[in-house]
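Enquirer: Each residue of the sequence shown is one higher than the one before, starting from 1 at the first, in full-length UniProt numbering.
We put the CB at the ideal spot given by N, CA and C, even for glycine.
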Amino acid sequence: MRWCDPLLKRSQLSLQILQNPTKSKPIQQLHRTHQLTIVHGLQSDPFITTRLVQLYFDNDDLRSASHLFDTLPHPNVFAWTSLLAFHSRHARHQDCLLTYSHMRSVGVAPDGYVFPTVLRSCARSGSLEHGTIVHADVFKFGLDVNLKTCNSMIDMYSKCGDLKNARRVFDAMVRRDVLSWNSMISGYVGVGSVDLAVAMVGSMGSDRLEPDSVTWNTVMDGYCRAGRCMEAEAVLCRMAEPSVVSWTTVMLGYSRAGDHETALRVFERMIGGIVKPDCDALSCVLSSCRHLGALKLAREIHGFGLKTASIDGFYSSAGAALVAMYASHKRVRDAENVFALMNDADVVTWNAIMHGFAQSGMESSALEYFREMQFKGVASDPTSIASVLPVSDIKLGKKIHAHAIKKFFASDVEVWNALINMYSKAGSVETARSVFSGMVDRDVVTWNAMIGGYGANGHGMCAIRLLEEMGRAGVNPNAVTFTCALSACARAGLVEEGLDLFERMRREFALEPTREQFACVVDALARAGRVEEAIGFVGRMGGEAEGSIWGAVLSGCRIHEDVEIGGLAAENLFRLEPENAGNYVTYSEMLVRAGRLEDAKRVRRLMESRGLVKPAGSSWIDAKK
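#1: Roughly how many whole angstroms lie between the Cα atoms of Ala-226 and Asp-441?
#2: Rounded to the nearest angstrom, what separates Leu-322 and Gly-529 at their Cα positions?
#3: Can you round the beta-carbon distance between Phe-86 and Leu-62 to whole angstroms, since I take them to be within the 8 Å contact cut?
#4: Please go through the same chain and pick out, in chain order, the residues whose beta-carbon is closer than 7 Å to the beta-carbon of Ala-418, but skip the five residues on each side of it.
#5: If you run the structure through DSSP and keep just helix, strand and coil, what is Cys-557?
#6: Would you mind giving the Cβ-Cβ distance between Phe-115 and Val-145, rounded to the nearest angstrom? I have them listed as a contact below 8 Å.
#7: With H, G and I counted as helix, E and B as strand and the rest as coil, what does DSSP make of Pro-477?
#8: Since I believe Gly-452 is in contact with Ser-428 (beta carbons under 8 Å), could you give me their beta-carbon distance rounded to a whole number of angstroms?
#9: So is Met-230 buried or exposed if we call it buried at 16+ other beta carbons inside 10 Å?
#10: Leaving out five residues before and five after Ala-552 in sequence, what residues of the same chain have Cβ atoms less than 6 Å from its Cβ?
#11: Beta-carbon of Asn-217 versus every beta-carbon of chain B: anything under 8 Å?
#12: Name the two residues that bound the continuous alpha helix (DSSP H) containing Lys-148.
#13: Taking the alpha carbon of Glu-497 as the reference point, which residue from Ala-473, Leu-467, Val-480, Val-475 has its own alpha carbon closest?
#14: Can you say whether Asp-221 is buried or exposed, counting buried as having 16 or more other CB atoms within 10 angstroms of its CB?
#15: Suppose the cutoff is 6 Å on Cβ atoms and the five residues either side in sequence are ignored; what does the same chain contact list for Val-563 look like?
#16: Please report the distance separating the alpha-carbon of Leu-128 from that of Arg-299.
#17: Between the alpha carbons of Thr-149 and Gly-112, how many angstroms are there, rounded?
#18: Under 8 Å, do Cys-462 and Ala-490 count as touching if we go by C-beta distance?
#19: Using the rule of at least 16 other Cβ atoms within 10 Å of the residue's Cβ for burial, across every protein chain shown, is Glu-561 buried or exposed?
#20: Consult DSSP for His-130 and reduce its assignment to one of helix, strand or coil.
#21: Enumerate in chain order the residues of its own chain whose CB-to-CB distance from Gly-319 is below 8 Å, with the five nearest sequence positions on each side excluded.
#22: Can you list, in chain order, the residues of its chain whose CB lies under 6 Å from that of Tyr-188, leaving out five sequence neighbours each side?
#23: For Met-184, collect the residues of the same chain with a Cβ closer than 8 Å to its Cβ; drop the 5 residues on either side in sequence, then sort them by chain order.
#24: Give me the Cα-Cα distance between Ala-109 and Gly-161, rounded to the nearest whole angstrom.
#25: Assign Ala-123 to one of three DSSP states: helix, strand, or coil.
#26: Could you work out which residue in Glu-233, Arg-89, Pro-242 is closest to Asp-212 when comparing CA atoms only?
#27: In whole angstroms, give me the CA-to-CA distance for Ala-366 and Arg-433.
#28: Could you give the first and the last residue of the continuous alpha helix (DSSP H) run that contains Ala-232?
#29: Only counting the same chain, and skipping five residues up and downstream in sequence, which positions put a Cβ closer than 7 Å to that of Thr-431?
#30: Where do the N-terminal and C-terminal ends of the alpha helix (DSSP H) with Asp-500 fall, by residue?
#31: Quick check on the DSSP output: the alpha helix (DSSP H) that includes Asp-334 runs from which residue to which?
#32: Which one of Ser-316, Met-354, Cys-279, Ala-123 has the shortest CA to CA distance from Ile-301?
#33: I'd like the span of the alpha helix (DSSP H) that includes Ser-364, first residue to last.
#34: Would you mind sorting Glu-233 into buried or exposed? The rule is 16 or more other CB atoms within 10 Å of its CB.
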């Protein structure tokens, strides 16, 4: 009976492989099983080899699976299905579609397992062209009555935005389940037709089906995306047992709409019940905390998350929101601590921490993170460039400029605006203007940046001419535009031009002057020695003037030696900024030059009584001389 031994070994080995459930045992054991097939001379057995291919793919061992797959003279549909599933599972959708085309070219007929897999890749990659080809094959092989395949076709057409064909498949189905309806409802939501989606929900009874939680979550998402958050919340209130996903959907809707207070109210309702928030819910509410500046609540949620979830899980979901939260409050060390615990920070998180350091005046740290991001291979985006350009010197800025062009970000308005600011800040206003002139699309921020750049570099008339050019280009100036232009006038001594702009802003554009704009005019008048007019503008402001405005008046009085009005400005400054030693020094020096030595001594004694030290680089003029 020796002739039976190979058959017996084949049967035993086949049984061993068949009984090896997917992912139930270590990959090393699978390799040992593979070695056994070679030892017993069964490596050419198509049944065993195909099963090994399936197990390797299911265990994500692409190298072993591909090598073994290539040894099959004629891979059957099961082997091809495993390869297709691997590509789809790992979001290698183009590879999946190419593999399907290859499978068809060698004459292998797809089955009811192949089609859903390939259609999923068509949906995820948005490849409507490939999807219609697969649909034709579905008809060709008579699987247009297969429920799972039809559901996959509806999903594919819906995600590709072809609701007409999605509905045709849906209407032609002999039998539909809840997934069929949910796919169609999701399709309508995806194209913004939330009312059609709601109508579909009302028709589910025709198939004797009831909406499930996925149905209602999809409808709520549709309402939220349409800005109809109250209707979404009404659906939430009608649900018997809303899940954490349901609550999060409504919170996210309010957050996206900018209604962060209501988002927090919904969160409070959720935690007041029996639903435990997950990491996604906490991430959503942390985002609202950031926009509201609710640092204390954010820290409490941070602690709650660490107590109720794993560190990896919590930071994987909520880490980006926490980094952005702390960075926006200039708590950069807290942001850095969270960032260090994140395994795979995305570009949004990198941008948040770079922006936080930049806004906190820690330019070198922001740039160091940018370099580290490049080193780790994280692809920068326009926001990355815009975050670091304002803190770059011109040498590094030029390198980043070249990097932006190489990465095709130079067509992004946000990047161009940041480049204008960077070059202007570095004093290279000609290069800034070159960047400005090279832009195809300019928004109001672009014009403001260039006007501000001219102003900061003393080119007041250029700023005014650019403002006129802005009007001819059909771009309406906003409050920031006039602030930049008025500041340019003040720096360049263009008093009359500044006064004219101030009046035009109110008369032609119906813009009420801001306190910052009043300050610009006061500064311009004071610099020109027209301090009485400056005081008149201070009186027109309404409410108490800030220290910066009185500082501009005092500075003008110092230049033009107007001690009396300078005294009024100093009196207000001593009250508003009692710890600013520079104000005392400026006024006392004015008094000395005016020969009012005793008054100068009194100012000095007042300063000393408040424990202030004169700023470095300044000196008291000897009152005895």
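Expert: If we stick to the structure as given:
#1: 28 Å
#2: 51 Å
#3: 7 Å
#4: Ile-385, Ala-386, Leu-389, Pro-390
#5: helix
#6: Contact doesn't hold; Cβ gap of about 12 Å is too wide.
#7: coil
#8: At roughly 14 Å, the Cβ-Cβ gap does not stay under 8 Å, so Ser-428 and Gly-452 are not in contact.
#9: exposed
#10: Val-522, Asp-523, Ala-526
#11: As a matter of chain content, chain B is missing from the structure shown, which is built from one protein chain.
#12: 147–159
#13: Leu-467
#14: buried
#15: Met-590, Ala-594
#16: 46 Å
#17: 6 Å
#18: no
#19: exposed
#20: helix
#21: Val-338, Phe-339, Leu-341, Met-342, Ala-345, Thr-349
#22: Leu-196, Ala-197
#23: Ile-154, Ser-158, Ala-166, Arg-167, Phe-170, Met-200
#24: 28 Å
#25: helix
#26: Pro-242
#27: 26 Å
#28: 229–238
#29: Tyr-423
#30: 495–507
#31: 332–340
#32: Cys-279
#33: 363–375
#34: buried
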